[in-house]
Each structure stands twice: as structure tokens, then as C-alpha cells.
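If you use this note's numbering, the sequence shown corresponds to residues 217 to 579, in order.
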Amino acid sequence: MQLNLETSTQEIIAECAECGLCSSACNFLAQTGVSPLEMASRGITFEEAYGCAQCGLCEVVCPLHLNPMQMFVDRRVEAVRNEELDPNDFNYLLPDEEENVMKLYRSYYEVDYSDITIDLDSKTGFFPGCTLMTYSPGLTKRIYSQIQLKYGCQGMLTSCCGKPLYQMGLIDRAEKYSETIINEVKQRGIQRLVVSCPSCYYLLRDLIKGTGVEILTVYEMLDFKNGSPESLPQCTVHDPCPDRGEGIFAQQVRGALETFGYELVEMANNRENTLCCGSGGQISHFRPELACNLVESRLNEASGSGAVILASSCLSCVLNFARKPSQLSIRHALNLLLDYDEDYTETKNKAAQMFSDQDEILN
Numbered sequence: 217m218q219l220n221l222e223t224s225t226q227e228i229i230a231e232c233a234e235c236g237l238c239s240s241a242c243n244f245l246a247q248t249g250v251s252p253l254e255m256a257s258r259g260i261t262f263e264e265a266y267g268c269a270q271c272g273l274c275e276v277v278c279p280l281h282l283n284p285m286q287m288f289v290d291r292r293v294e295a296v297r298n299e300e301l302d303p304n305d306f307n308y309l310l311p312d313e314e315e316n317v318m319k320l321y322r323s324y325y326e327v328d329y330s331d332i333t334i335d336l337d338s339k340t341g342f343f344p345g346c347t348l349m350t351y352s353p354g355l356t357k358r359i360y361s362q363i364q365l366k367y368g369c370q371g372m373l374t375s376c377c378g379k380p381l382y383q384m385g386l387i388d389r390a391e392k393y394s395e396t397i398i399n400e401v402k403q404r405g406i407q408r409l410v411v412s413c414p415s416c417y418y419l420l421r422d423l424i425k426g427t428g429v430e431i432l433t434v435y436e437m438l439d440f441k442n443g444s445p446e447s448l449p450q451c452t453v454h455d456p457c458p459d460r461g462e463g464i465f466a467q468q469v470r471g472a473l474e475t476f477g478y479e480l481v482e483m484a485n486n487r488e489n490t491l492c493c494g495s496g497g498q499i500s501h502f503r504p505e506l507a508c509n510l511v512e513s514r515l516n517e518a519s520g521s522g523a524v525i526l527a528s529s530c531l532s533c534v535l536n537f538a539r540k541p542s543q544l545s546i547r548h549a550l551n552l553l554l555d556y557d558e559d560y561t562e563t564k565n566k567a568a569q570m571f572s573d574q575d576e577i578l579n
């Protein structure tokens, strides 16, 4: 794959008017105090490349539809190729490693899917995504059982979609890993893939394009109806960044929640103008203070909406919000729609405790 850094920077140099709208919208750009034009002209630093959350808001607010984010994405690829970044320092994040945080968590807390029958002849497969299947196995199984009941789904793919590799700039490894997913889908004869995670959905859709495999969201596959006459509390929806461009999940999740009986209220920044939850671009591993600022900013906005519940279709977003003290009830949208309540406030702490316990054993 050819580096595109020169192309992405030259576009900014040629067309950026330095209007400041992207810096006003983006916490990261505002903190740098430097416009995208200045960065592009003198070159993107390593710290800047790994400080961008890759959320795409800059392109949305730009009146010229420029995409400063792409400079930072391309600079990460260059950083890897120039050996400025040692991938071994981040093995715990990477899905192509034998031991990463997801696999360790499932092993440590005995998250097991052996009770799910895998039928190699099943034409419909469920792809929950690694975050959901790791940190919410009960909800994962509830979703699977519903798809199984309605569509005869007899197979679940337990792979990560590979996005962390792309985010880190490990393009060669990412493309190799993506091939394993495509091969698994082909070998199992899957003709329809049902996906619950927005990040997985958009990445997988690009990967399987041209294969004849249909990709659908959980929200368009299942009927969500509430038989209870009780009124439900006000709910606000956080839209994950990967859905910013097309809004497929934004529309489907809101429609399902309203059908179920929830009264929806909107935050000031929603849909294409949504704000990053703080997990984008893996920035919590490079700029933890910026990630915390993004979480707090979004929680304040959600509280200001008057909602009682903050819901999202992305469990990574949910976990980021839930780890901070808040008066809001923070849930995955499918917790609400499938009547499977979970409290995620301690989930991140459980992951940290796992490493603390192992350190104590070693010492």
C-alpha cells in the first residue's frame, strides 16, 4: 500500500482557508494551537499523529469539506514504516497477537461461548465484535439467541474486525488480518452477516464488498416491541464516530428505541456532529488526559439534555462513559431493547484488576 501522506497534506496546503472551524470543534486541534495548514506545511509530528482520535468531525465542520484527519492517519502509517513506533509496546491492544487484553479478559473471567453450536453449513452468521463478546457475554448470547430464533442462525464469528491495527498505522498487518476474516466467511459458506457494532459494520462492509455476502445490522434484523404499558424514562443517544458519515445506526437505533416506547431527547451535538467518546484512534494510550476530557465533555452534554439514560450502539463508548461517576444510567442500546440490564460502571476496573492480580502473582 502506498503512503498517501504527501497527498493528504498537499490538499490541506492548497485549500485550507484557516477559518478555525475545525479547531473550534476539535478538542485535540484546539489544544495544539496550530492550524491544519501550519501542520501540513511544516510536517505532522509523531505526537500529533497519535493525538488525533480519528473521529472525522473536522471534515464535517469544514466548509470546504477538507479532511485534516487523513493527514494524521497517513502519518501513523509513516511512523510505523520509519520505526518511530514499536508495535511490541502495544501488543496488548492488537488482535493478531496471541495474548491481548480481550483474550486475557475472557480467559481470566471465564467468558465462554462453547455452549453455542457452530454449524458450518449455516448461511447466517453473527459478528458481535470483540468488545461486546468480551465485556458483555450475557448480552451477546441474548442477541445471538434472538437471531437464531428468527433466522436459524447457527454460527458466531468470534474474531475482532481488526480496526485497532488500522488505527495504529499497522497497515500491512491489518490487511493480512483482514484476509483471515474474509477467508473464514468464505470457508463457512456464510451468505449473510449480522453485525451489532458500528465500527465492525463499516469495516466489514468494505472488506466483503464484491463477495456476494450480505451484511446487516442487528437493528434491521430484529423486531423490538415493548409489551409493557409503563412509561419509560427519557433517553439520549450517543452516536459513535464511525456512523458519522452515513447515520445508519443513528436512524435504526432511534427508531427501535421509539418503537419500544422510550422518549428521546437529543444532545446538542448528535448524528454527524457527534463528539468522540475518547476511545477513538486509541488515544487513551497516547493522550489519556485528552481522552478523559472528551468523556467528561460528552457526559456533561448528555446530562444537560435532561435524559435519565445515555445509550449507544457501541459498547466501547458505553464503557468509556460508564467508568466516570455520573447521575446518568449508561447502557448499550440493546440492553434496553432486549430487556437485558447491565451495570457497566466496574467493567474497566475489572480489566485493570486482572492485571493487578497477575502482577501480585509474579511478585
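Quick reminder that beta carbons are idealized off the backbone N, C-alpha and C, glycines included. All of these numbers come straight from a predicted model, not from anything done at the bench.
C-beta contact flag for residue i and residue j at 8 Å
i      : j      : result
Cys508 : Gly494 : yes
Val168 : Ala549 : With the chain covering 217 to 579 only, the question about residue 168 has no answer from this structure.
Ile398 : Thr427 : yes
Leu448 : Tyr417 : no
Leu506 : Gly267 : yes
Leu515 : Cys492 : no
Glu299 : Asn307 : no
Phe342 : Ile363 : yes
Ala484 : Gly385 : no
Tyr556 : Val534 : no
Val401 : Gln450 : no
Glu562 : Asn551 : no
Arg408 : Thr356 : no
Cys369 : Ser415 : no
Cα-Cα separation, residue i to residue j
i      : j      : result
Cys238 : Met349 : 35 Å
Gln218 : Lys392 : Low confidence applies here, because Gln218 scores a pLDDT of 41, under 50, leaving its location unreliable; read the following figure in that light. So the alpha carbons of these two residues sit roughly 16 Å apart.
Tyr487 : Gly463 : The sequence shown places Arg at residue 487, not Tyr. About 6 Å.
Ile431 : Cys413 : 12 Å
Ile406 : Lys379 : 21 Å
Asn579 : Gln569 : Residue confidence is low: Asn579 scores 42 on pLDDT, short of 50, so the model does not pin down where it sits. Its coordinate-derived value is still stated next. Distance between the alpha carbons of Asn579 and Gln569: 15 Å.
Val453 : Phe476 : 14 Å
Cys271 : Pro458 : 7 Å
Tyr382 : Gly345 : 16 Å
Ser528 : Leu301 : 32 Å
Ala256 : Ile332 : 51 Å
Arg297 : Gln226 : 20 Å
Arg322 : Phe571 : 13 Å
Phe244 : Gly522 : 27 Å
Thr396 : Asp328 : 22 Å
Val276 : Glu326 : 42 Å
Leu221 : Leu365 : 48 Å
Phe262 : Val434 : 38 Å
Ser330 : Tyr324 : 16 Å
Phe537 : Leu473 : 20 Å
Asp422 : Cys377 : 11 Å
Which of helix, strand or coil DSSP assigns to residue i
i      : result
Phe343 : strand
Glu462 : coil
Cys268 : coil
Arg291 : helix
Arg539 : coil
Ala567 : helix
Ile260 : coil
Ile431 : strand
Ser412 : coil
Met217 : Confidence is the limiting factor: at Met217 the pLDDT is only 38, short of 50, which leaves the residue's position unreliable, though a coordinate-based value still follows. DSSP places Met217 in coil when its eight states are reduced to three.
Thr475 : helix
His281 : coil
Expected contact under 8 Å - CB spacing of residue i and residue j to nearest Å
i      : j      : result
Val411 : Leu420 : 6 Å
Thr347 : Leu531 : 5 Å
Leu554 : Ile424 : With a Cβ gap of about 26 Å, Leu554 and Ile424 do not count as contacting.
Cys242 : Cys274 : 6 Å
Arg539 : Thr490 : Not really, about 19 Å apart at Cβ, beyond 8 Å.
His501 : Leu309 : 7 Å
Pro284 : Ile228 : 6 Å
Distance cut-off 7 Å: residue i Cβ against heavy atoms of the ligand HEM
i      : result
Tyr308 : The model on display carries no ligand, and the ligand HEM is accordingly not part of it.
Next on the checklist: Taking contact to mean 3 or more Cβ pairs, one atom from each stretch, closer than 8 Å, check whether the region 314-323 and the region 282-297 are in contact.
Outcome noted: no
Next on the checklist: Does the structure place the region 534-543 close enough to the region 467-484 that three or more beta carbon pairs sit under 8 Å?
Outcome noted: no
Checklist entry - Is it true that the region 272-287 meets the region 366-382, where meeting means three or more beta-carbon pairs spaced less than 8 Å apart? => result no
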